[in-house]
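> In this note's numbering, the protein residues as written are 543 to 650.
We put the CB at the ideal spot given by N, CA and C, even for glycine.
Okay, handing you the structure first.
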Amino acid sequence: MFDILAAAGGAAAEAPPAWINWLPIIGMILIFWFLIIRPQMKRTKEHQQKVAGLKKGDQVVTAGGLVGKIAKVDDDYVHIDLAQGVRVKAIKQTIGDVIPPGGSAAND
């Protein structure tokens, strides 16, 4: 009689397979990948393409919020005309965005 009760109690206390315990962690990793990491990688790639495509005459906005027109493009730097007679040298990676030709003029 005790053997039957012991067998029934042992079956009820049996733990689920170990891989089931990892399912919530794997699910969280997948959620982070699709909602945070993947979109950030896409934005970074788009920014690198914009920076690689900079050319003289493009109107740009720097990461600091300065708006100007590119006067010269080097390998790592761009020279930006902010106003008449005001030219700054900026690192290419600090260019935040390129203003489309229909945007407002920076050097009025």
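In angstroms with no decimal places, state the Cα-to-Cα distance between glycine 595 and aspartate 623.
Locating residue 595 in the sequence shown gives position 53, counting from the first residue. Locating residue 623 in the sequence shown gives position 81, counting from the first residue. Going by the C-alpha atoms only, they are around 18 Å apart.
> Any idea what DSSP makes of alanine 594, helix, strand or coil?
Residue numbering aside, residue 594 sits at position 52 when the sequence shown is read from its first letter. In this structure, alanine 594 counts as helix in the three-state DSSP scheme.
> Between Lys584, Ala613, Val609 and His589, which lies nearest to lysine 598 when the distance is taken from Cα to Cα?
As a position in the sequence shown, residue 598 is number 56, starting the count at 1. It is Ala613 whose Cα lies nearest to the Cα of lysine 598.
> Could you check where the alpha helix (DSSP H) with alanine 560 kicks off and where it finishes?
Sequence index remark: in the sequence shown, residue 560 carries index 18 (1-based). Its alpha helix (DSSP H) spans residues 560-574.
> Going straight from the alpha carbon of leucine 572 to that of threonine 586, what length do you get?
Residue 572 sits at position 30 when you count from the first residue of the sequence shown. Residue 586 sits at position 44 when you count from the first residue of the sequence shown. C-alpha separation (whole angstroms): 20 Å.
> What whole-angstrom Cβ distance do lysine 634 and valine 620 have, given they're in contact under 8 Å?
Walking along the sequence shown from the start, residue 634 turns up at place 92. Walking along the sequence shown from the start, residue 620 turns up at place 78. Yes, lysine 634 and valine 620 are in contact; Cβ-Cβ is about 6 Å, under 8 Å.
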